[in-house]
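Here's the structure we're looking at; comments come further down.
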Amino acid sequence: MGVRYRFVLASKSPARLASLRSAGIEPEVIVSGADETQHPGEPAPDLTARLAELKADSVIETLAVDGPTIVVACDSVLDLDGRVLGKPGTADAVMHWWYGMRGRSGVLVTGHHVCVLDEAGRRAATRVGQTVVTFADLTDDEIRSYAETGEPQRVAGAFTLDGYGGAFVTRIQGDPHNVTGISLPLVRQMLLDMDVAWESLWVR
């Protein structure tokens, strides 16, 4: 039997947790206390990579590591013509953003930081996934109704692929998992590069 890793997800995102569980992995969720403030003029790939690493490091500092451990942290934003859209927070912001998003395409950018701690030592990597998302040309009533659900206030780019917002996405170019907050193919490759087999993480 191979090495059994403790898998820590440094995120409170239900979508990321659901994605990992559906792929056969049962993570331990530990939410980071990292400062997620954007630096002025910071482009989306740089921002998400930096914050993913900060989140992972914040959680690792609190861990009592007593065996092989993997920590994965992610951060997502929507890049709309260079404008970085995180979580809108309010219904008014959701509607304002969607007036500019409808009928257009943006790039959902997710930074991933993976850290492996085992008998071989500590090794880590950061990579960014990017997926082009095309939005339907919503009516004002649809935008208002969507904002009233409360869903888009809590998610990057004010939309989901796996919730109410799924009906408003007409096309995806790239990995759909990246849009829900964690690119499973990308994390698999990052772990392979650090000599951890993806299938060894499945709950059997």
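Using our numbering, read the sequence shown as starting at 23 and increasing by one per residue. Just so it is clear, CB atoms sit at the ideal spot from N, CA and C, and this is done for glycine as well. As the structure is a computational prediction, the values presented were derived from the model and not from experiment.
Chain-order list of residues whose beta-carbon lies under 6 angstroms from that of Pro90 (same chain, five-residue window excluded): Position 68 of the sequence shown, counted from the first residue, corresponds to residue 90. Within the same chain, Pro90 has close Cβ partners Val25, Tyr27, Asp140.
Validate contact between the region 137-153 and the region 78-93 using beta carbons, cut 8 angstroms, 3 pairs: yes
Buried versus exposed, by CB contacts within 10 Å (16 or more), Thr233: The requested residue 233 does not occur in the structure, where the chain is confined to residues 23 to 226.
Own chain, CB closer than 6 angstroms to Val30, minus 5 neighbours either side, in chain order: Taking the first residue of the sequence shown as position 1, residue 30 is located at position 8. The residues are Glu50, Ile52, Val93.
Residue closest to Trp151, alpha-carbon to alpha-carbon, out of Pro198, Thr171, Glu64: If you number the sequence shown from 1, residue 151 lands on position 129. At residue 151 the sequence reads Gly, which differs from the Trp that was named. For Gly151, the nearest C-alpha among the options comes from Pro198.
Own chain, CB closer than 7 angstroms to Gln60, minus 5 neighbours either side, in chain order: As a first step, residue 60 must be located in the sequence shown, where it is residue number 38. Correct list, in chain order: Leu69, Val106.
Contact under 8 angstroms by Cβ, Ala206 with Ala45: On the sequence shown, residue 206 is found 184 positions in, with the first residue counted as 1. On the sequence shown, residue 45 is found 23 positions in, with the first residue counted as 1. For the sequence presented, residue 206 should be read as Leu rather than Ala. Yes, these two residues count as a Cβ contact at 8 angstroms.
Same chain, Cβ closer than 6 angstroms to Gly133, five either side skipped, listed in chain order: Counting from one through the sequence shown, the residue named residue 133 turns up at place 111. Only Thr70, Ala71, Ala74, Asp97, Val150 meet the Cβ criterion.
Buried or exposed (CB count within 10 angstroms, at least 16 for buried), Gly104: Looking up residue 104 in the sequence shown gives position 82. Answer is exposed; the Cβ neighbour count stays below 16.
Cut-off 8 angstroms between Cβ atoms - residues of its own chain near Thr182, not counting five sequence neighbours on either side: Along the sequence shown, one-based indexing puts residue 182 at 160. Result list for Thr182: Ala37, Glu173, Pro174, Gly188, Thr202, in chain order.
Asp197: first and last residue of the uninterrupted beta strand (DSSP E) it sits in: Here residue 197 corresponds to residue number 175 of the sequence shown, with the count starting at 1. Segment: none, Asp197 is in no beta strand (DSSP E) and carries neither H nor E.
Top-ranked residue by Cα proximity to Arg126, from His135, Asp163, Gly179: Residue numbering aside, residue 126 sits at position 104 when the sequence shown is read from its first letter. Taking only the C-alpha atoms, the option nearest Arg126 is Gly179.
Boundaries (first-last residue) of the alpha helix (DSSP H) holding Gln211: If you number the sequence shown from 1, residue 211 lands on position 189. Where Gln211 is concerned, the enclosing alpha helix (DSSP H) stretches over 206-215.
Beta strand (DSSP E) runs contained entirely in the region 138-177, provided each spans 3 or more residues: 143-157
Of the listed residues His135, Met117, Tyr186, nearest to Asp162 (C-alpha basis): What you label residue 162 is simply residue 140 of the sequence shown in a count that begins at 1. Looking at the Cα atoms, Met117 is the closest of the given residues.
When Arg145, Trp120, Thr192 are compared against Val218, the one with the closest alpha-carbon: On the sequence shown, residue 218 is found 196 positions in, with the first residue counted as 1. It is Arg145.
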